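Only one structure is covered here, and it is reproduced in the block below.
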Amino acid sequence: MTSAIASTAQQSAQESPRVNLLGLSLRQMEQFFLDLGEKKFRAQQVLKWIHHAGVTDIVQMTNLGKALRDKLGDIAEVRPPRIVSQHDSSDGTRKWAIAVDGGGLIESVLIPEAGRATLCVSSQVGCSLDCSFCSTGKQGFQRDLSAAEIIGQVWLAIKSYDAFQSGNGRIVTNVVMMGMGEPLLNFDNVVAAMDLMLEDLAYGISKRRVTLSTSGVAPALDRLAEVSEVSLAVSLHAPNDELRNQLVPINRKYPIAVLLESCRNYIGAQRDSKRVVTVEYTLIAGVNDQREHARELAVLLRDFPCKINLIPFNTFEQSDYQRPSGNAVSRFWQVLVDAGYIVTVRTTRGDDINAACGQLVGQVVDRTRRSERHRAAAETQIIEVG
Ligand code: SAH
Ligand code: SF4
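Residue 117 in our numbering sits at position 117 of the sequence shown, with consecutive numbering throughout.
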């Protein structure tokens with residue numbers, strides 16, 4: 001652990017009644033200063049201190065004036081979550097375990113590739129949706145992350161490379177909401193955090209380089225279309241409802257036709273007409289990886305604006321599923337390519353540190369009952385939204 005991270009860890013104290021400025025979007029920050037009787041432009045200054053300069057100590061925000069800094073110090077703070085451990089893979093992938101208030105652990109992963117580095121960010125501690133092939137789902141659900149805890153993962157990644165100091169905050173070029181949790185079940189906090197990812201006064205990442213991945217919470221996706229323009233990935237994993245019901249239980253509530261319609265609606269709402277949905281398909285040996293599944297998928301997605309990303313299943317302890325052979329993956333890929341699709345196969349990164357998709361487990365407290373409660377609450381909320 002570097003000294004920069006260690007000092008961050010010490011700063012991150014117990015739960016605090018003060019407002020955590022780290023998670024406020026520009027609009028929320030402006031409102032915060034207006035409510036204090038201050039000028040709105042203070043929001044821009046504070047955002048830059050936090051997200052461009054990596055400053056957490058309000059005393060160091062020297063262009064605010066001493067009186068305002070004193071006032072802020074009494075009621076507000078900048079409190080990133082705390083890094084507990086950091087692992088570097090031989091392929092350059094770096095994974096952090098991050099402690100959040102309430103005793104849970106989440107994980108985020110930075111994957112460097114030629115010319116870019118993609119940060120995989122968590123949105124919840126655990127997940128209530130219990131997809132049969134996902135280790136996060138097996139952990140149950142503990143709670144939603146706050147906006148500060150979500151954007152805090154970006155902040156910590158940059159801090160861990162000392163990149164604020166070097167003025168190289170752009171070390172994170174892409175963000176995917178593909179860590180632990182279902183982002184659309186933590187709607188407001190995820191939207192606030194994604195606003196900061198896109199905001200020039202914060203991280204200034206292009207909307208095409210921020211991707212939200214969902215297992216298919218269709219009504220929440222319709223809502224997202226009204227407030228966000230990030231890229232969309234949808235976790236399909238099966239070409240028909242019968243199979244998808246087994247793999248992705250939320251499909252029983254929002255079947256494939258409903259989900260694809262919401263995806264079309266999302267894409268249709270974007271100003272940029274060239275956008276497509278990334279369809280994610282985790283290939284599980286003998287379950288959904290046969291030639292006929294590929295053919296059925298090709299028919300299902302005909303005329304649907306998409307590219308397809310195949311993810312060979314990543315094994316974990318509590319699962320009996322197997323990863324398909326390279327041949328099986330190629331065969332599946334070929335059927336789709338022959339049908340005219342753009343298809344990529346996700347290479348596994350960070351295998352030696354369990355950093356691959358679906359291997360992020362964190363540590364979740366009070367699993368089942370909370371999970372049931374949350375699912376019930378989420379479904380009620382979804383019905384209202386829809
Ligand atoms: N909850 C969201 C985002 C997190 S999961 C979602 O489901 O889309 C990110 C991606 O990893 C999803 O496509 C998910 O289906 C996939 N995934 C989960 N477990 C996996 C595993 N064991 N092997 C391969 N991919 C997995
Ligand atoms: Fe949750 Fe996504 Fe895992 Fe399903 S795949 S259990 S929605 S994190």
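No residue lacks a Cβ here, since even glycine has one placed at the ideal position from N, Cα and C. Quick caveat: nothing in here was measured; it's all calculated off a predicted structure.
At a threshold of 8 Å, Met178 counts as near the ligand SAH, since its beta carbon sits closer than that to one of the ligand's heavy atoms. The beta carbon of Thr347 sits closer than 7 Å to no other beta carbon from its chain once the five residues preceding and following it are set aside. Contact between Leu310 and Val277 does not hold, since the beta-carbon distance rounds to 15 Å and is not under 8 Å. In the three-state DSSP reduction, Tyr266 falls in the helix class (H, G or I).
Of all C-beta pairs linking the segment 45-52 to the segment 22-29, three or more are shorter than 8 Å, placing the two stretches in contact.
When secondary structure is reduced to three states using DSSP, Ile50 falls in the helix class. A check of alpha carbon separations from Leu72 across His52, Thr93, Arg42, Gly54 identifies Arg42 as the nearest.
Per DSSP, Phe141 is one residue of the beta strand (DSSP E) stretching across 141-144. The C-beta of Lys39 has fewer than 16 other C-beta atoms within 10 Å across all chains shown, which makes the residue exposed. Counted as a single uninterrupted DSSP element, the alpha helix (DSSP H) harbouring Asp222 occupies residues 218-227. In terms of Cα proximity to Val176, the closest of Ala192, Thr315, Leu119 is Leu119.
Taken atom to atom, the span from the alpha-carbon of Phe133 to that of Gly140 is near 13 Å. Per DSSP, Asn174 is one residue of the beta strand (DSSP E) stretching across 174-177. Of the residues assessed, Ser273 falls on the exposed side of the cut-off, its CB having fewer than 16 other CB atoms within 10 angstroms. Between the alpha carbons of Ala238 and His293 lies a distance of about 7 Å. Residues Arg69, Gly73 of the same chain have their beta carbon placed closer than 8 Å to that of Val59, with the five preceding and five following residues left out of the count. Judged by DSSP secondary structure, Glu149 falls outside any beta strand (DSSP E) and instead within the alpha helix (DSSP H) spanning 147-160. Going by C-alpha positions, Asp241 is about 10 Å away from Pro249.
Gly92 is classed as exposed because its beta carbon has fewer than 16 other beta carbons within 10 Å across all chains shown.
For Leu336, there is no enclosing beta strand (DSSP E); the residue is part of the alpha helix (DSSP H) that begins and ends at 326-338. The beta-carbon separation of Ser123 and Pro183, rounded to 4 Å, stays under the 8 Å limit for a contact. Shortest Cα-Cα distance from Val227 to any of Arg264, Arg244, Arg208, Gln270 involves Gln270. Comparing alpha-carbon positions, the option among Asn251, Val78, Ala220 lying closest to Asp130 turns out to be Asn251. Two segments are said to touch when three or more pairs of C-beta atoms, one from each, lie closer than 8 Å; by this definition the segment 189-205 does not touch the segment 109-117. For Gly181, the shortest separation between its Cβ and any heavy atom of the ligand SF4 lies below 8 Å.
Going by DSSP, Gln86 is part of no alpha helix (DSSP H) but of the beta strand (DSSP E) stretching over 82-88. Taking 8 Å as the cut-off, one finds no heavy atom of the ligand SF4 near enough to the beta carbon of Cys120.
In the DSSP assignment, Ser235 falls within the unbroken beta strand (DSSP E) covering 231-235. Closest by C-alpha distance to Val55, out of Val125, Gly179, Asp162, is Asp162.
Under DSSP, Arg94 shares a beta bridge with Asp88, Leu110. The C-beta separation of Ile106 from Leu156 comes to about 11 Å, leaving the pair out of contact by the 8 Å criterion. Listed in chain order, the beta strand (DSSP E) runs fully inside the segment 247-314 are 277-283, 306-312, counting runs of at least 3 residues. For Leu212, the enclosing beta strand (DSSP E) starts and ends at 210-214. In the DSSP assignment, Val100 falls outside any alpha helix (DSSP H) and carries neither an H nor an E. Annotation for Arg69: the continuous alpha helix (DSSP H) segment containing it runs 66-75.
As a beta-bridge residue in DSSP terms, Gln124 pairs with Asp144.
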